[in-house]
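So for the sequence shown, full-length UniProt numbering puts the first residue at 1; every next one is plus one.
Don't be surprised by glycine CBs; every beta carbon is placed ideally from N, CA and C.
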Amino acid sequence: MGQSLKKLTPGTDEKKAKELGPIIDKFYENNLKNPSNNFPEFYRGVCEIVEELNKKLGYTQFKLPKTEDLRKAYQEHHQGKDKELTKAEFEDIMREVIKESGFTGVGAKEALLYIFGVPVTALFVKQRVMPQAIPNEFFIPGITSLTVLVLAALNKI
């Protein structure tokens, strides 16, 4: 199941795609095998899985689908009300909903802001406080490298 999400996530490598499959399968086994599940329980479960996917992916963030879109996809793909939701039906629902809702990309925007914003701000402050203390040829790459190091340590990139 993680293979379909791999196609949807920009920049996802094989390792991350392999991590998604077990998350989705575990969610399906624990929450959706029960035939008494109704739409509100299904929606709460989808919210939980989107949250878990966002934690695992880190920089790529899935948007939470609109209730109407999820209800429409649920009713379209799940025909038998008294039967359990099959794994194939669940995959179709998730694929459709994720394609429609897309990604927020907040993590990537944030990383770019830090990578470019911090060095520019630091250079501005340096030029105002002590312009001749460190040459700009060393200062700018040093601050940029430090910013990237901090972002990597915080798992932002």
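Spatial neighbours of residue i within its chain, please: C-beta separation below 7 Å, excluding the five flanking residues on both sides.
i, result
"residue 30", "none"
"residue 52", "23"
"residue 97", "65, 69, 70 and 73"
Got a sec? Which residues, its chain only, sit under 6 Å from residue i by beta carbon, not counting five neighbours each side?
i, result
"residue 144", "119"
Can you tell me whether residue i is buried or exposed, with buried defined as 16 or more other CB within 10 angstroms of its CB?
i, result
"residue 94", "buried"
"residue 138", "exposed"
"residue 49", "buried"
"residue 116", "exposed"
Going by alpha carbons, who is nearest to residue i out of the options?
i, options, result
"residue 156", "122, 87 and 55", "55"
"residue 121", "147, 25 and 109", "147"
"residue 26", "134, 76, 64 and 90", "90"
"residue 84", "150, 151, 140 and 39", "39"
"residue 154", "47, 130 and 111", "111"
Touching or not, the segment 63-82 and the segment 37-47, by the rule of three or more beta carbon pairs under 8 Å? yes
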